[in-house]
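With this note's numbering applied, the sequence shown corresponds to residues 15 to 206, in that order.
Right, one structure below, let's go through it.
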Amino acid sequence: MRRTILITAAEVEKLKQRARKLKRANGITHNEALDEAAKAVGFDHWHHVAESAKTFAPTEHAHHFGVIIALDIKDAQDFHDPSGQFVEDDLAFSLCAGDIYALVREADGDDDIDPNDPTYNEDLKEWMFDGLMNYVFFRYTNPELPASVEEAVKLATEHCYWPPEYIWYKGVMHDSPDGSELADRRIIHRFE
């Protein structure tokens, strides 16, 4: 079984541009240039790039144009959506980790570090390794998008008592509403 390497649509386009340059510079066929460009960044061949991009496309689309939610790993155990509107997405972390990391750094008072600083990237990679174990990500699959972040939270809390920790709505990260606010609404709805 071939390993999937996460690659965005924008990165695929950059590889295609690199392949065009290789084709012109080396006088090779288009397919040879695509394979060479793919191998240069760790893929087995161009088809491997295409397969990986296809695997990652639903996650990337949900991140940029839809909804992704992150639940604490313990809370996610109580998340049940038999309708399939939300599906667990192990690939979403790669798109969402930077936002969570920036929020964590800001909360710790470490938000003054330049993201271009090499130590920032080292810290981010280390945090990602540990942080991956703290969250479970779900991608919203319904073609009709919730009208707002609040509506997305409402949909998520229909499948779990616990609200999401974070929500990405059309590419923007949002904190979940305050838990007491949700609890107040649940109490009202349960006794109406």
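Yeah, the Cβ is synthetic: ideal placement off N, Cα and C, and Gly gets one too.
- Relative to residue 77, the option among 183, 188, 191 whose CA is nearest is 183.
- For residue 85, the beta-bridge partners assigned by DSSP are 150.
- Taking residue 85 as reference, the option from 186, 171, 99 with the minimal CA-CA separation is 171.
- In this structure the segment 96–107 touches the segment 60–75; the number of beta carbon pairs closer than 8 Å is three or more.
- The closest CA to that of residue 149, considering only 123, 131, 108, 129, is found on 108.
- Within the same chain, Cβ atoms closer than 6 Å to the Cβ of residue 113 are found at 187, the five residues on either side in sequence being excluded.
- A direct Cα-to-Cα measurement between residue 44 and residue 19 gives close to 22 Å.
- Taken atom to atom, the span from the alpha-carbon of residue 30 to that of residue 17 is near 21 Å.
- Sequence-distant Cβ neighbours of residue 154 in its own chain, meaning closer than 8 Å and more than five residues away, are 76, 80, 81, 82, 83, 99, 100, 160, 166, 169.
- By the Cβ-count criterion, residue 121 is exposed, with fewer than 16 other Cβ atoms from all chains shown falling within 10 Å of its own Cβ.
- Taken atom to atom, the span from the alpha-carbon of residue 32 to that of residue 130 is near 24 Å.
- Residue 113 sits in a helix when the DSSP states are folded into three classes.
- Relative to the Cα of residue 147, the nearest Cα in the group 136, 88, 64 belongs to 88.
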